[in-house]
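Okay, structure first, notes after.
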Amino acid sequence: MEDLLVTNLTKEGCVLYRHDGKGNFYDATAEFGLWQPTFPYTGFGTQCFDYDNDGFLDVFIANGAVTRQESLRGSKFPFHQINQLFHNEEGKRFRETTRMAGPAFALSEVSRGAAFAMSTRREHRYPGDQQQRPVRLLLNETGKHNGNHWLQVRLEQSRKNLFGIGARIELQQRGRKLLRRVHTDSSYLSASDVECILALE
């Protein structure tokens, strides 16, 4: 059973619901260090993904206010907020790594959706949204530095559920088990790639 991460409005913080293995969930937001750093922001698109291929799912949150920020009153951009990135500390808590994640995370904008995919192409062209805001393509280069490897899995079948949406993939190595679910959901008005990525030791 998977945990649930719910983003909220400014001064509410996101909520992490952890499962107990028996069909019940409890609020583990403060325990995992997510409430205080997300409190000042309005979260929209979010995704759990393993950005450094260590086997633990990290968290990305796309932020953007829906009411004017008091600190930006009179500004041309009163709804701007930064996006956030959190590193999973071996399943014990999350550590915010936004300030260390490169110049893209220093941008203050109005973000909504977030889609994730494996990409090796260097040239991409995407239109902006109806309010003429640009689409940002964030290229994860973490793997270049830590040397960790991964397995890319894409399921296919001939009828109905062509990409195996909802299927679970399990990888066992050296006594450790990794579970991933094939899905494209979890982000506001966005669909991610159906391929699953699993870290390899």
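Just so we're on the same page, this note's numbering is the position in the sequence shown counted from 1, plus 62.
Positions of the beta carbon are idealized from the N, C-alpha and C atoms, including for glycine.
Residue i vs residue j beta-carbon contact at 8 Å
i	j	result
I144	T129	no
A176	T108	yes
F118	F111	no
V77	D65	no
I259	M162	no
T100	Q146	yes
V113	N202	For the sequence presented, residue 113 should be read as Tyr rather than Val. Yes, they are a contact pair.
Between the CA atoms of residue j and residue i - distance to the nearest angstrom
i	j	result
R327	A92	The question about residue 327 has no answer, for the chain in this structure spans 63 to 263.
D255	H245	8 Å
E74	P102	8 Å
R174	K222	31 Å
G38	L134	Since the first and last residues shown for the chain are 63 and 263, residue 38 lies out of range.
D247	A253	6 Å
Q214	S249	21 Å
D120	Q234	20 Å
L199	D116	23 Å
L241	G126	31 Å
N86	L67	15 Å
K239	F178	23 Å
Q131	E158	22 Å
L251	V197	14 Å
W212	R236	15 Å
T69	N208	30 Å
R243	S170	32 Å
P165	R216	31 Å
S220	V172	40 Å
Q98	A124	16 Å
E257	S137	41 Å
K261	M63	The amino acid occupying residue 261 in the given sequence is Ala; Lys does not appear at that position. Spanning the two alpha carbons is a distance of roughly 20 Å.
Cβ distance (whole Å) where residue i is taken to contact residue j below 8 Å
i	j	result
G95	F167	About 18 Å separates the two Cβ atoms, so there is no contact after all.
E232	F225	E232 to F225, Cβ: 18 Å. No contact.
CB contact check: residue i to chain B, cutoff 8 Å
i	result
D255	Included in the structure is just one protein chain, with no chain B present.
Subject >> At least 3 beta-carbon pairs within less than 8 Å: the region 140–158 vs the region 102–122 >> reply: Taking one beta carbon from each stretch, the region 140–158 and the region 102–122 have 3 or more pairs nearer than 8 Å; the two touch.
Original post:
Below 8 Å, can you find three or more Cβ-Cβ pairs linking the region 80–91 to the region 145–153?
Top reply: Segments in contact, no.
**OP:** Give, in chain order, every unbroken run of the alpha helix (DSSP H) that is at least 4 residues long and sits entirely within the region 83–145.
**Re:** Counting only runs of 4 or more, we get 97–100.
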